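Participant:
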Amino acid sequence: MRQLQENGKDVPLLKIWCAVHCSALAWNSVCSSVAEVNYLIRDAAALATYFHSSGGRTRELHKVATENKFKVLRLPQYFEVRWSQYTSQLLRSILTNMRAILMYLKTSPDADGYLKNLLKKDRLHLSCFLMGVVMLYSRFQMKLQSDSVLVFDLAKERDKFLARLATAKEKPVIGGWEELFLSTIKVILHESDESENEGEESVGISRDKTRNTNQKAKAASFVCY
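Following this line, the structure appears as structure tokens:
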């Protein structure tokens, strides 16, 4: 503190440590203590590693995307950024690349497990829901780091954020991935007795471009093929 004051820097250290650091710890806690979220992010990270571990796979993925005019984002590597940013970038890149990834995995003999996980409706829905949560959380963190928020404002900003989270439980975040998911999803229900996925709902991804004019919707529409 003394060194910063001597350098003439007016940095709200108490706010930075108390609010931003604690909010980051809170997100880490959610990712580690909520089993469904933990498994989802772990599997998403494994999928990213699957492509990062082979230059050939990455090139083929981009080739599939280019040939089909799909938007493709770079899959992030672990610890390039802080955890909240990493999970946000990880989920966003997989959802945006979804059609290209599925088309590639269908032709890859060693990717059956990844393919099955991506096609599970509940997991896909959770990914879209988490993207909405992460978006709200990121805005909350940015607000805390801004000069417009003082230590005395933290409780009020926290309550606003919690209210937005409560709303997100009842209805999708406007313009978010869950809204897109619910508006375009079609389900394949496995009913065959011979299917190991009997009674489980899966989804497919259409090769057709969605009619939605939203740029995000053009990148990935959740529709049966």
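Residues 7 to 231 (my numbering) are what the sequence shown spells out, left to right. All residues carry an ideal CB built from backbone N, CA and C; glycine is no exception. Please read all numbers here as calculations on a predicted model, not as lab measurements.
(1) Do the segment 34-54 and the segment 64-71 meet, that is, are 3 or more Cβ pairs less than 8 Å apart?
(2) Any idea if Tyr231 is buried or exposed, counting beta-carbon neighbours within 10 angstroms, 16 or more meaning buried?
(3) I think Leu111 touches Ala117, with their Cβ atoms under 8 Å apart; what is that distance to the nearest whole Å?
(4) What residue range is occupied by the uninterrupted alpha helix (DSSP H) comprising Leu96?
(5) If you compare alpha carbons, which of Lys127, Gly138, Ala169, Lys75 is closest to Glu185?
(6) Can you give me the C-alpha to C-alpha distance between His131 and Trp183, rounded to a whole angstrom?
(7) What is the rounded straight-line gap between the Cα of Val40 and the Cα of Asp165?
(8) Which residue from Pro178, Tyr120, Cys134, Ser154 puts its Cα closest to that of Thr93?
(9) Between Phe167 and Phe146, which are expected to be in contact by the criterion C-beta below 8 Å, what is the C-beta distance as a whole number of angstroms?
(10) Return helix, strand or coil for Ala69, following the three-state DSSP convention.
(11) Between Ala51, Arg63, Ser90, which has its C-alpha nearest Met148's C-alpha?
(12) How far does the alpha helix (DSSP H) with Ile180 in it extend, from its first residue to its last?
(13) Return helix, strand or coil for Lys166, following the three-state DSSP convention.
(14) Let me see if you follow: with CB-CB separation under 9 Å, is Tyr143 close to chain B or not?
(15) With a Cβ-Cβ cutoff of 9 Å, do Ser29 and Leu150 count as a contact?
(16) Label Tyr56 either buried or exposed according to how many other C-beta atoms from any shown protein chain fall within 10 Å of its C-beta, with 16 as the threshold for buried.
(17) What does a CB cutoff of less than 8 Å around Pro82 pick up in its chain, not counting 5 residues either side in sequence?
(18) Thr102 and Lys77: beta carbons closer than 9 Å?
(19) Taking Arg105 as the reference, give the member of Arg170, Arg88, Thr72, Ser38 with the closest Cα.
(20) Return helix, strand or coil for Lys127, following the three-state DSSP convention.
(21) Leaving out five residues before and five after Asn123 in sequence, what residues of the same chain have Cβ atoms less than 7 Å from its Cβ?
(22) What's the gap between the Cα of Glu163 and the Cα of Val140?
Facilitator: On the basis of the coordinates in this document:
(1) no
(2) Note that Tyr231 scores a pLDDT of 33, beneath 50, so its modelled location is shaky and nothing firm can be said.
(3) 4 Å
(4) 89-102
(5) Gly138
(6) One C-alpha to the other measures close to 9 Å.
(7) 22 Å
(8) Cys134
(9) 4 Å
(10) The sequence shown places Lys at residue 69, not Ala. Helix at Lys69.
(11) Ser90
(12) Unbroken run through Ile180: none, as it is neither H nor E.
(13) helix
(14) Annotation note: the requested chain B is absent from the structure, which comprises a single protein chain.
(15) yes
(16) buried
(17) Ala54, Tyr92, Gln95, Leu96, Ser99
(18) yes
(19) Thr72
(20) helix
(21) For Asn123, where only same-chain residues beyond five positions count, the Cβ hits under 7 Å are Asp49, Arg129.
(22) 16 Å
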